[in-house]
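Asks:
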Amino acid sequence: MVQKVYVTYNDVHKLCKESAQQILEEFKPELIIAIGGGGYIPARILRSFLKQPNGKNISIQAIGLSLYENLGTGEPEEVPGTEVIHLLTHVMTSQQFSSEAINHLIGKNILIVDEVDDTRTTLQYAVQELEKDVKEQTEKLGRTEKTNFSIFVLHNKDKEKRGTLPDEIVNSRYLAARTTKDVWLCYPWEAVDIEEHDRLAAQQGNGFSA
Ligand code: 5GP
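Set out below in structure tokens:
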């Protein structure tokens, strides 16, 4: 049985806060793409910490990739990873950005936000599809600007990854607030009983170092 680690809303808030400065300095994001559902809340919290005095809020766009939660099983941590690609393809195809939305990405520093990098399948797929779409539109419009993708996750599991990311991202455009063992992270937005969730988190005593 895989170990469960409970993460509270305060933990998430603090992980975003402590990562913001590095994200601003190194990635200089001009737009956030949140991968749903787990990336939405971290992306929104992070945005508050990325706001510069007198600056505009960075806009957030969402893509709805969902690996585990729509498979109709009560035990998400037990779903085999082989299901992933198929489901991803299906979900992403039905929600692809319009060419107008892609045009808006050209030449920008774009920060992709998700809650956890587990097998890396989702991140690989998201980066691959976005880079492909942006490249196609850039060429079609005869534009020359470079579009840079970077990644922020709350947790990266230290394990062998099934997915891969471009070297440029892995080497200098990837930030995980915490690296964890191969545990199952229980995020607060998935909790049915938040008091119980927080009680279990306090009992574990991980704080936001989980
Ligand atoms: P990956 O594609 O990296 O294997 O998985 C990414 C997605 O799987 C996450 O966005 C999340 O929805 C789900 N996932 C993977 N590991 C965990 C975990 O430990 N806890 C939760 N709650 N979701 C996870």
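Counted from 1, the sequence shown has number 88 at position 88 by the UniProt record's numbering; the numbering is strictly sequential.
Here a beta-carbon is modelled for each residue, glycine too, at the ideal position from N, C-alpha and C.
Here the structure is a predicted model, which is why all the values come from computation and not from measurement.
Taking 8 Å as the threshold (C-beta atoms), are A177 and V113 in contact?
Replies: no
Asks: Have a look at V153, I63, Y6 and flag the residue whose alpha-carbon is nearest the alpha-carbon of T119.
Replies: V153
Asks: Which residues does DSSP pair with N156 in a beta bridge?
Replies: D117, T179
Asks: Excluding the 5 residues preceding and the 5 following T180 in the sequence, name in chain order all residues of the same chain whose CB lies nearer than 6 Å to its CB.
Replies: Take T180, set aside five residues on each side of it, and the residues of its chain with a beta-carbon closer than 6 Å to its own are H155, K157, in chain order.
Asks: What first and last residue would you give for the beta strand (DSSP E) that runs through I32?
Replies: 31–35
Asks: Is any heavy atom of ligand 1 found at a distance shorter than 7 Å from the C-beta of E115?
Replies: Under cutoff, so the answer is yes.
Asks: What do you get for E145, buried or exposed, if any count of 16 or more other CB atoms within 10 angstroms of its CB means buried?
Replies: exposed
Asks: Is the beta carbon of G64 less than 8 Å from the beta carbon of G36?
Replies: yes
Asks: Run through DSSP, which three-state label would I106 get?
Replies: coil
Asks: Just verifying my parser: in three-state terms, what is the DSSP assignment at F49?
Replies: helix
Asks: Over the uninterrupted beta strand (DSSP E) stretch that includes L185, give me the two end residues.
Replies: For L185, the enclosing beta strand (DSSP E) covers residues 184–186.
Asks: For N70, which residues from the same chain have a beta carbon less than 6 Å from its beta carbon, with the 5 sequence-adjacent residues on both sides left out?
Replies: Below a pLDDT of 50, predicted positions are generally treated as unreliable, and N70, at 44, falls in that range; the measurement from the model is reported next regardless. The answer is none, since no qualifying residue turns up.
Asks: P29: buried (16+ other C-beta within 10 angstroms of its C-beta) or exposed?
Replies: Under this definition P29 is a buried residue.
Asks: Using 8 Å as the cut-off, can you tell me whether the stretch 50–58 makes contact with the stretch 188–203, which would need three or more C-beta pairs spanning the two stretches below that distance?
Replies: no
Asks: Less than 8 Å between the C-beta atoms of L105 and T164, yes or no?
Replies: no
Asks: How is the beta strand (DSSP E) around I63 delimited, first residue to last?
Replies: From DSSP, the beta strand (DSSP E) with I63 extends over 59–63.
Asks: When every heavy atom of ligand 1 is checked, does at least one fall within less than 7 Å of the C-beta of R178?
Replies: no
Asks: Would D11 be called buried (16 or more neighbouring beta carbons within 10 Å of its own) or exposed?
Replies: That one is buried.
Asks: Given 7 Å as the limit, tell me if W189 has its C-beta closer than that to any heavy atom belonging to ligand 1.
Replies: No, ligand 1 has no heavy atom inside 7 Å of this Cβ.
Asks: Can you tell me where the beta strand (DSSP E) with I4 in it begins and where it stops?
Replies: Just to set this straight, residue 4 is Lys in the shown sequence, not Ile. Element bounds for K4: 4–6.
Asks: From D193 to Q204, what distance separates their C-alpha atoms?
Replies: 17 Å
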